[in-house]
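Residue numbers (the working numbering), protein chains in the order written: chain G, 4 to 449; chain W, 4 to 449. Each residue gets a CB set at the ideal place from its N, CA and C atoms; glycine is no exception.
2 protein chains.
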Amino acid sequence: MTSITAIRVHDVRFPTSLTMDGSDAMNKDGDYSAAYVVIETDEPGLSGYGFTFTIGRGNDLCVEAARQRGIPLIGRRVRDVVGDLGGTYRELASDSQLRWLGPEKGVVHLALAAVMNAVWDLAARRAGKPLWRLLADMTPEELVDVADLRYLSDALTRDEALEMLAEMEPTRKRRIAELELRGGYPCYTTSAGWLGYSDDKLRRLLQEAVDEGYRHVKLKVGADIDDDVRRLRIAREVIGWDAALMIDANQVWDVPEAIEWIGRLAEFKPMWIEEPTSPDDVLGHAAIRKAVAPIGVATGEHGMNRVLFKQMFQAEAIDYCQLDSARLASINEILAVYLMAKKFGVPVCPHAGGVGLCELVQHLSIFDYVAISGTLENRVTEYVDHLHEHFVDPCIIRNGNYVLPNAPGYSAEMFEESVREYSFPNGSHWVSSAAIEGLALEASVH
Amino acid sequence: MTSITAIRVHDVRFPTSLTMDGSDAMNKDGDYSAAYVVIETDEPGLSGYGFTFTIGRGNDLCVEAARQRGIPLIGRRVRDVVGDLGGTYRELASDSQLRWLGPEKGVVHLALAAVMNAVWDLAARRAGKPLWRLLADMTPEELVDVADLRYLSDALTRDEALEMLAEMEPTRKRRIAELELRGGYPCYTTSAGWLGYSDDKLRRLLQEAVDEGYRHVKLKVGADIDDDVRRLRIAREVIGWDAALMIDANQVWDVPEAIEWIGRLAEFKPMWIEEPTSPDDVLGHAAIRKAVAPIGVATGEHGMNRVLFKQMFQAEAIDYCQLDSARLASINEILAVYLMAKKFGVPVCPHAGGVGLCELVQHLSIFDYVAISGTLENRVTEYVDHLHEHFVDPCIIRNGNYVLPNAPGYSAEMFEESVREYSFPNGSHWVSSAAIEGLALEASVH
Chain G
4 MTSITAIRVH DVRFPTSLTM DGSDAMNKDG DYSAAYVVIE TDEPGLSGYG FTFTIGRGND
64 LCVEAARQRG IPLIGRRVRD VVGDLGGTYR ELASDSQLRW LGPEKGVVHL ALAAVMNAVW
124 DLAARRAGKP LWRLLADMTP EELVDVADLR YLSDALTRDE ALEMLAEMEP TRKRRIAELE
184 LRGGYPCYTT SAGWLGYSDD KLRRLLQEAV DEGYRHVKLK VGADIDDDVR RLRIAREVIG
244 WDAALMIDAN QVWDVPEAIE WIGRLAEFKP MWIEEPTSPD DVLGHAAIRK AVAPIGVATG
304 EHGMNRVLFK QMFQAEAIDY CQLDSARLAS INEILAVYLM AKKFGVPVCP HAGGVGLCEL
364 VQHLSIFDYV AISGTLENRV TEYVDHLHEH FVDPCIIRNG NYVLPNAPGY SAEMFEESVR
424 EYSFPNGSHW VSSAAIEGLA LEASVH
Chain W
4 MTSITAIRVH DVRFPTSLTM DGSDAMNKDG DYSAAYVVIE TDEPGLSGYG FTFTIGRGND
64 LCVEAARQRG IPLIGRRVRD VVGDLGGTYR ELASDSQLRW LGPEKGVVHL ALAAVMNAVW
124 DLAARRAGKP LWRLLADMTP EELVDVADLR YLSDALTRDE ALEMLAEMEP TRKRRIAELE
184 LRGGYPCYTT SAGWLGYSDD KLRRLLQEAV DEGYRHVKLK VGADIDDDVR RLRIAREVIG
244 WDAALMIDAN QVWDVPEAIE WIGRLAEFKP MWIEEPTSPD DVLGHAAIRK AVAPIGVATG
304 EHGMNRVLFK QMFQAEAIDY CQLDSARLAS INEILAVYLM AKKFGVPVCP HAGGVGLCEL
364 VQHLSIFDYV AISGTLENRV TEYVDHLHEH FVDPCIIRNG NYVLPNAPGY SAEMFEESVR
424 EYSFPNGSHW VSSAAIEGLA LEASVH
């Protein structure tokens, strides 16, 4: 009888602020970080790995919250925990004292995501399947049983969810074969477009993206309108007018300001404007969408929970749903959002980048195509080219596609050496002199 | 030159779960707790006190988050910090790495509330005024300068806010005199209605409330419809049909379920149904409100930030705004919500109870009447009769009114002895044998 013997949570931080990777109008100096959960068992070689993603300070809060979230699992039989993934989720989510601190948002929700991501990884490893395949092998009833449909019945009933899944079930295998044949699931790159990059670096990285086969690129905007116009002009010069250009404001604008600013960038024909305003503002996104059409509105990387997405769909506020695999409470909540998106006809283009988010979202997009949406139309999943070297089973990109992962699990495992080196504050990286300089820089921000 | 020398944050927890005080359909066993902030200065006798409120586990997360939020204040001149309360707020709120963990919600936002509550307390103490008076002595320009209006301009512009405040300014003094004459600001009591209380205790406490002069009482509902019907019948027998009866479901229902359940309780003519569903569900509240009229819809104790309230107003989703003084980021954000409520014609009836929330909200309601709303119509502020003995300047209730507080500050200071005794886990209460039993009970919940 295999049991869970321990939950270890690590505070892993990478010093990305030193190179301005990830710099945007709201987040100028992030140190991409993970509250990294390892579920240990007494079966040799069987562990579960998961995380939530943060950008530095406060990662320790998620680490401690994940530790508290995970306590009920210690000593449980693995068979019981992964044999009832809906029940496990509901039990961890139902702690009413921790719930008060959200509810279902912020640090305690990020922590639930981290722990349940590790539980799902454990389930997939135990089954010997990559996570997308574990999900694709579940019946519609099994999928609906693990989905968190609470507070959603005015938008999506259990029966509607079952019906949508059942309709796609007979043809799942065909779509898996199709994805393999076409080389994977389409992605776009944000690697070129960080605000902190010079025009020369921007031009060079955009050219590289085109050369690598990308048909979609994304640029950060929103700090300075003249800079934005100049950078978008460069982008169109390099990628031409057939490729898709997305822009991302990272929540810097009020609603009227967003409408005005986007209007000044319309000549560059962006496919979408991402995070034009507060991620909580359903009605604001709806107003912006109405005003800037045919430019699409996209948001979701800070979409706190399924209730927020329900309203985004009900209010027809978004053209693209960018759910986040480490902010929503793992597959249980993500499934609910995918099912609503299907019903409301909104394509899901998951947020990725950060630390390990690309590793997770490939599983989600593949499963979505196979079992829920059944289409690639208007769908493209984010890819950012950094920090993959720390993962045991990193995502593989070829010709602008995520290649289908084969290894068992959710691809969330980091190399032990990476965890050791970048553990904060006592990992070897952070005690070195370069890191001390980084900390001095960080302290000077205050 | 007085400077801030330290920020100390205490994890204070009261074992309220032992007596079922505070039990409702969602929160069955809360231990009312505070992440309690003390801003120390080098001027003898001058400190600032503030807190956020939680219900037990995870209070430590808020304590650590408040410690991190407060770091930038250490070493600053008190004059600079309290002389620019808008700038102080914006600086603490703008940490982009901590922002990622919300943004503006959950643990990091509760922590900002705790620290800024202490800053406002410090400002009022230094001025030698109770907080409501400090606010009532500020000009419209000064008030708008400290208010956080970001993301609100599609609902409320700076000029509109100024105009509303300017209109009420000449008559502020008259309304202060009126409040003093009528004995204070009207309140209602929730002390009678916790779900965990027996029918006999309910009947006795309701009779006591009537005898003490309350014209409004509130009962928890939502666990069992037959229990609800029986308890509301008892309530009407005791308080009659002229007094107001409010009911509170603490988020247990989906939208369709809420509409059906409230329909079955309509015969008892509740004045409002509080928290019928997820606090995040603006459109859900709007749908419920439409369906259950003339029963009013109230929510806000879990209203995460001003953007949520903006939408509640825009969507005409609520009849009563129950903002929370320890969940919104102190006066800076609360002011913005009051100003929007005024523009949209929604009465603000703040959430209270917990630990020390009554001590805070009396200042808010009094200031609202004096400088913003100018009316008591449909307005009544929550009062719960426990844990006041731990506060140095506890609120005083007479004949169902909050008596105007006189002592300088925000009434947030706890007795040092209470802080020591109930500090978790090493305070004398928690190391005593009774507490160990309580912890065993708590552990058995998992």
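- Straight across, the Cα-Cα distance linking Trp103 (chain W) with Val111 (chain W) is about 9 Å.
- Pairwise C-beta distances place the segment 168-186 of chain G out of contact with the segment 321-333 of chain G, as fewer than three of them are shorter than 8 Å.
- Not flagged as an interface residue toward chain G: Arg136 (chain W), since no C-beta distance is shorter than 8 Å.
- At a cut-off of 3 residues, the continuous stretches assigned as beta strand (DSSP E) that sit fully inside the segment 18-81 of chain W are 36-44, 50-57.
- The three-state reading of DSSP puts Cys324 (chain W) in strand, counting E and B together.
- At a cut-off of 8 Å between beta carbons, Arg60 (chain G) contacts chain W.
- The Cβ-Cβ distance between Ala164 (chain G) and Val147 (chain G) falls below 8 Å.
- Within the model, the alpha-carbon separation for His391 (chain W) versus Gly359 (chain W) is close to 7 Å.
- DSSP places Lys221 (chain W) within a strand segment (E or B) once states are collapsed to three.
- Chain W has a Cβ within less than 8 Å of the Cβ of Ser99 (chain G).
- When C-beta distances to chain W are compared with 8 Å, the residues of the segment 44-71 of chain G below that value are Thr57, Ile58, Gly59, Arg60, Gly61, Asp63, Leu64, Cys65, Glu67, Ala68, Gln71, in chain order.
- DSSP places Phe427 (chain G) in the coil class of the three-state scheme, outside both helix and strand.
- For Ala96 (chain W), the nearest beta carbon of chain G is not closer than 8 Å to its own beta carbon.
- Under the three-state reduction of DSSP output, Phe394 (chain G) falls in the strand class.
- Per DSSP, the continuous beta strand (DSSP E) segment holding Gly299 (chain G) begins and ends at 299-302.
- The beta-carbon of Met29 (chain G) is placed less than 8 Å from the nearest beta-carbon of chain W.
- Listed in chain order, the non-local C-beta contacts of Gly131 (chain W) below 7 Å within the same chain comprise Pro411, local neighbours out to five positions each way being set aside.
- At least 8 Å separates the beta-carbon of Tyr372 (chain G) from that of Arg218 (chain G).
- For Tyr386 (chain G), the enclosing beta strand (DSSP E) starts and ends at 384-386.
- Counting C-beta pairs with one atom in each stretch, the segment 249-267 of chain W and the segment 275-287 of chain W have three or more that are closer than 8 Å, which means they touch.
- In the three-state DSSP reduction, Ile237 (chain W) falls in the helix class (H, G or I).
- For a Cβ distance threshold of 9 Å, nothing in chain W lies close to Gln325 (chain G): the least Cβ distance comes to about 15 Å.
- Around the beta carbon of Gln100 (chain G), 16 or more other beta carbons lie within 10 angstroms, which makes this residue buried.
- Interface residue (Cβ-Cβ distance to chain G less than 8 Å): Val349 (chain W) is not classified as such.
- Interface criterion met: the Cβ of Arg153 (chain G) is under 8 Å from a Cβ in chain W.
- In this structure, the straight-line span from the alpha carbon of Tyr386 (chain G) to that of Ile58 (chain G) is close to 17 Å.
- Taking 9 Å as the upper bound on Cβ-Cβ separation, chain W lies near residues His305, Met307, Asn308, Val310, Leu311, Lys313, Gln314, Gln317, Ala318 of the segment 296-322 of chain G.
- The closest CA to that of Gly199 (chain W), considering only W:Arg401, W:Lys31, W:Thr302, is found on W:Lys31.
- Between Ile375 (chain W) and Tyr341 (chain W) the beta-carbon gap is near 5 Å, inside 8 Å, which marks them as a contact.
- Legend: CB atoms of the segment 101-113 of chain G lying less than 9 Å from CB atoms of chain W belong to residues Leu101, Arg102, Trp103, Leu104, Gly105, Pro106, Glu107, Lys108, Gly109, Val110, Val111, His112, Leu113.
- As summarised for the segment 119-206 of chain G, the continuous beta strand (DSSP E) elements at least 3 residues long and confined to that stretch are 188-196, given in chain order.
- In this structure, Ile298 (chain W) sits near Ile265 (chain W), with a CB-CB distance shorter than 8 Å.
- DSSP, reduced to helix, strand and coil, places Arg330 (chain W) outside both helices and strands of the structure shown, so it counts as coil.
- For Ser6 (chain W), no CB of chain G lies under 8 Å from its own CB, so it is not counted at the interface with that chain.
- Residue burial is scored here from C-beta neighbours: Phe316 (chain G) has at least 16 other C-beta atoms within 10 angstroms and is therefore classed as buried.
- Of all residues in the segment 268-299 of chain G, only Thr280, Ser281, Pro282, Asp283, Asp284, Val285, Leu286, Gly287, Ala290 come within less than 9 Å of chain W when Cβ atoms are compared, listed by chain position.
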